[in-house]
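Number of protein chains: 4
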Amino acid sequence: MSQQLENKGTQTLPSVKERATRRRNQRSHQAILKATAELLEEKGYGDVCIEAIASRARVGKQTIYRWWSCKAAVIMEAFATQAARDNLLPDTGSVEQDLCQILQQMFTLLTKTTTGVALCGLIAETQIDPSLVEAFREQFIKSRRQVTRTILERGIERGELRKGLNLELVIDAIYGPVWYRMLLKHAPLDDAFAEELVSFLIVGIQATDVKAGS
Amino acid sequence: MSQQLENKGTQTLPSVKERATRRRNQRSHQAILKATAELLEEKGYGDVCIEAIASRARVGKQTIYRWWSCKAAVIMEAFATQAARDNLLPDTGSVEQDLCQILQQMFTLLTKTTTGVALCGLIAETQIDPSLVEAFREQFIKSRRQVTRTILERGIERGELRKGLNLELVIDAIYGPVWYRMLLKHAPLDDAFAEELVSFLIVGIQATDVKAGS
Amino acid sequence: MSQQLENKGTQTLPSVKERATRRRNQRSHQAILKATAELLEEKGYGDVCIEAIASRARVGKQTIYRWWSCKAAVIMEAFATQAARDNLLPDTGSVEQDLCQILQQMFTLLTKTTTGVALCGLIAETQIDPSLVEAFREQFIKSRRQVTRTILERGIERGELRKGLNLELVIDAIYGPVWYRMLLKHAPLDDAFAEELVSFLIVGIQATDVKAGS
Amino acid sequence: MSQQLENKGTQTLPSVKERATRRRNQRSHQAILKATAELLEEKGYGDVCIEAIASRARVGKQTIYRWWSCKAAVIMEAFATQAARDNLLPDTGSVEQDLCQILQQMFTLLTKTTTGVALCGLIAETQIDPSLVEAFREQFIKSRRQVTRTILERGIERGELRKGLNLELVIDAIYGPVWYRMLLKHAPLDDAFAEELVSFLIVGIQATDVKAGS
DNA sequence: CTATAACCGAGACGGTACGTCCGGTCTTACG
DNA sequence: CGTAAGACCGGACGTACCGTCTCGGTTATAG
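Protein chains in written order, with our numbering: chain A, 1060 to 1273; chain B, 1060 to 1273; chain C, 1060 to 1273; chain D, 1060 to 1273.
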């Protein structure tokens, strides 16, 4: 389907002497992202289509295709900011509480805002068009994993966590169940789940002398 | 999209007084399922469409719609048998080994056969058409969770596992990371992963006296 | 543009065992032709487009493309019947009166009905897409030339016209000025023009003894 | 389509006090006309579009729209000079030979140069956008008719042609068949046709005593 | 042992959305 | 300020599939 991964030029850096004429209409740009978010909220992922976005944003379809390669790319940009929100490195002093906090913040984002629907739709898209999966990981998965990795490394330094942990595995063990529930909807993403999951996983990663002391 | 969950009559049980006139052409039935599987393998999920299935199976589109409600329903049936394969209750005497074995068998299915692509595609479909998600869980998720639950319960009875475990949480902790990797493709589903994941999770579920004994 | 000349199957003869399944919806067929004629009348040739025809006829665009190769082909069929109307072989006994009559009938068709606009538009189309010109001649030019040729041949047999006339040239001399005025609109196509033109041309084709006798 | 008839200022006469700000880039002007002629020759009338002209002439589209109202206007200007070429008043002493000569010169222009394709395309355009037809007549039809009218009037003065001729009708009878063949392409525009047509028409316009004398 | 009705293949149908092309306007930076 | 470049809105293009709807033809019980 699309070979271009995401968007075709975010115009963030005008670069050095970029042929001058590259001006992008900010009105249109914003209107497209806004229309996309609205449609997602109102109609659900399946009913978001380029024509509807263009029509609602009062924009030519060509203007969308000029800057994005496909529907998924537009949605990715529309939710990039949203999805990055609240991904702050917590510092409660306890790994268990840090993890619990980032998960609870994430659950709020996924269940109380349109972002959850958007991300599920995007994951769906990556299955239908495999060329999108890497861009999706970069945009929406990587940074939360990175924050989590930092929390874990800090725990190891403090002696709170066992040395020699396979951090990637631990991170998969944290986020896997989250997305599993998010996508299959067999159980809710609530605060209780965050607490239970973290307190369950923490056992496997705590330093043994801590365990001994209990 | 579809309100019908799956297929409209698999003719498995002639039932009581089947109205007699229920003659379904087995040639067509099989050809459709075969064509579906072939297309999935050859072209990928995105290029499987009803018209392509009908054309390849040399079948009228109506014949597909007569027996299934949508593309997803056809694919579900086409892979129902495949996906159920090897979901046997193992009995090695050790929960760790039991879990490892079912995961490794599952990984083979997901990575060495078309079934993996099919199931990822179906999960995608459930995001676009939410009415499908329950049927998907019933067909492809439930039975493996059940087998896993049995393994865990047996471990508790044996005293190998801690009492009072939230089994649903544990099962999410096992399968979540699997689907997370399967869908996002950031790391492989191989035997090493199965072993590492299980040996990591087992710590949190083992009975404490076992731990003490170690 | 189009390689297909006109329409893709008028279904006039079901032929011998024509694969059976070729049924064409007469409701749609007629609705398309009707919508085309209406649009031509209401909006003029330049505003007739496939989308407008489809929309007005409450028909899918595909249904149009299934049976015709392009807009021009639809319009040709829509006006084929109209354009053939009144192309009867007159028989007044005099070549001059015969010619005058067919011209006056033609002028009525061209100036009092939508057919004139349609034919001018089609001639335009043949200039833009040269592959259409032959079909246009077959449909709209040939038969009137044939009738005219018959009138002239009859005149020769009767001794009314000179032998050895280049009939094709004479026919060009009759219809050329008609289309010239029709397309360039510098002078009207009225009964007076028909009479003047014919009485002017007749001199060049009359038998010399007739001339001498006058 | 266009309400402006032709071009918006050909800068032929600098006039009195040209407002100073009238500097038109001659490089662009010529490049546009050249590109137009090339495209017409290479791709045919149907593929000439403003974007293609602009791109080939390395000119902004705006520069085209600033000086011309539509594609047709550009083409008209591009061929105005060409089309006027060889429209000289001949003077062989014989109307028949004069007419034959101007027709043969015209045929060369129409069949050996791109001008023929251009003029046919322009006639097509006048059918789709009726507001163009008058400009077309002024530019490409009028002057040849005028020359022809002069030839005929000279013939009348000389006593070679009958008095009281409807000259407009005669001129239609001369050029009608030419454009008829040019547009419908059912027969060639060659020297033989010019001779035959003229010698056919001359009979109807010759003075009767000339006829009697023969 | 028909006959009759559901099934079947084929594919036409009304639609929706696709991604592209071009028309004509507007905006920016350069010369 | 005219220009090259090209983004912009809009509208039509021709295509791909959707899910529904006829067609005849085939087939396998029910009468």
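Idealized CB from N, CA, C, for every residue including glycine.
Selection from the options that minimises the alpha carbon distance to residue i
| i | options | result |
| --- | --- | --- |
| Glu1097 of chain B | B:Val1133, B:Leu1158, B:Asp1157 | B:Val1133 |
| Thr1173 of chain B | B:Gln1141, B:Leu1191, B:Cys1159, B:Thr1151 | B:Gln1141 |
| Met1241 of chain D | C:Gly1235, C:Ile1261, C:Gly1119 | C:Gly1235 |
| Leu1168 of chain D | D:Glu1193, D:Pro1189, D:Arg1203 | D:Arg1203 |
| Lys1102 of chain C | D:Phe1166, D:Leu1211, D:Pro1189, D:Gly1175 | D:Pro1189 |
| Lys1120 of chain D | D:Ala1090, D:Lys1244, D:Asp1231, D:Ile1200 | D:Ala1090 |
| Arg1086 of chain C | C:Cys1108, C:Phe1259, C:Arg1117 | C:Arg1117 |
| Ile1215 of chain B | B:Ser1153, B:Ser1128, B:Asp1249, B:Leu1191 | B:Ser1153 |
| Leu1099 of chain B | B:Trp1127, B:Leu1178, B:Arg1125 | B:Leu1178 |
| Asp1150 of chain B | B:Arg1144, B:Leu1158, B:Asp1106 | B:Leu1158 |
| Tyr1104 of chain B | A:Val1257, A:Ile1264, A:Ile1200, A:Ala1183 | A:Ala1183 |
| Met1146 of chain B | B:Arg1082, B:Thr1207, B:Asp1231 | Going by the sequence as given, residue 1146 of chain B is Asn instead of Met. Among B:Arg1082, B:Thr1207, B:Asp1231, the Cα nearest to that of Asn1146 of chain B is on B:Thr1207. |
| Leu1224 of chain C | C:Ala1266, C:Gln1163, C:Glu1193, C:Ala1251 | C:Ala1266 |
| Phe1199 of chain D | D:Gln1164, D:Leu1211, D:Leu1181 | D:Leu1181 |
Beta carbon proximity, residue i to chain D, threshold 8 Å
| i | result |
| --- | --- |
| Thr1174 of chain C | no |
| Arg1196 of chain C | yes |
Cβ of residue i within 8 Å of any chain C Cβ
| i | result |
| --- | --- |
| Val1262 of chain D | yes |
| Gln1186 of chain D | yes |
| Ala1246 of chain D | yes |
| Gln1070 of chain D | With a pLDDT of only 47 at Gln1070 of chain D, under the threshold of 50, the placement of this residue in the model should not be trusted; the figure read from the coordinates follows. No, Gln1070 of chain D does not count as interfacial toward chain C. |
Unbroken alpha helix (DSSP H) run spanning residue i, endpoints
| i | result |
| --- | --- |
| Pro1236 of chain C | 1226 to 1243 |
| Val1160 of chain D | It should be pointed out that residue 1160 of chain D corresponds to Gln in this sequence rather than to Val. That run of the alpha helix (DSSP H) goes 1154 to 1171. |
| Ala1205 of chain B | Residue 1205 of chain B is actually Gln in this sequence, not Ala. Here the alpha helix (DSSP H) through Gln1205 of chain B covers 1201 to 1216. |
| Gln1089 of chain A | 1085 to 1102 |
| Cys1179 of chain A | 1174 to 1187 |
| Val1133 of chain A | 1130 to 1143 |
| Ser1258 of chain C | 1250 to 1264 |
| Thr1122 of chain B | 1120 to 1126 |
| Ala1246 of chain A | No alpha helix (DSSP H) holds Ala1246 of chain A; DSSP gives it neither H nor E. |
| Arg1285 of chain B | Limits of chain B in this structure are 1060 at one end and 1273 at the other, which puts residue 1285 of chain B out of reach. |
| Glu1193 of chain B | 1192 to 1195 |
Chain A contact for residue i (CB, 8 Å cutoff)
| i | result |
| --- | --- |
| Ile1123 of chain B | no |
| Val1192 of chain B | yes |
| Leu1256 of chain B | yes |
| Ile1200 of chain B | yes |
| Phe1259 of chain B | yes |
| Leu1098 of chain B | no |
| Leu1242 of chain B | yes |
Residue-level contact to chain B via CB, residue i, 8 Å cutoff
| i | result |
| --- | --- |
| Gly1223 of chain A | no |
| His1088 of chain A | no |
| Gly1105 of chain A | yes |
| Leu1148 of chain A | no |
| Ala1142 of chain A | no |
heavy atom of the ligand NAP below 7 Å from residue i C-beta
| i | result |
| --- | --- |
| Tyr1124 of chain B | In terms of ligand content, the structure shown is empty, and the ligand NAP therefore cannot be addressed. |
> What residues from the stretch 1208 to 1240 of chain C come within 8 Å of chain D, judged by C-beta to C-beta, listed N to C?
Replying inline: Asn1225, Glu1227, Leu1228, Val1229, Asp1231, Ala1232, Tyr1234, Gly1235, Pro1236, Val1237, Trp1238, Tyr1239, Arg1240
> For the stretch 1150 to 1183 of chain B, which residues have a CB atom closer than 8 Å to at least one CB atom of chain A, in sequence order?
Replying inline: Cys1179, Gly1180, Ile1182, Ala1183
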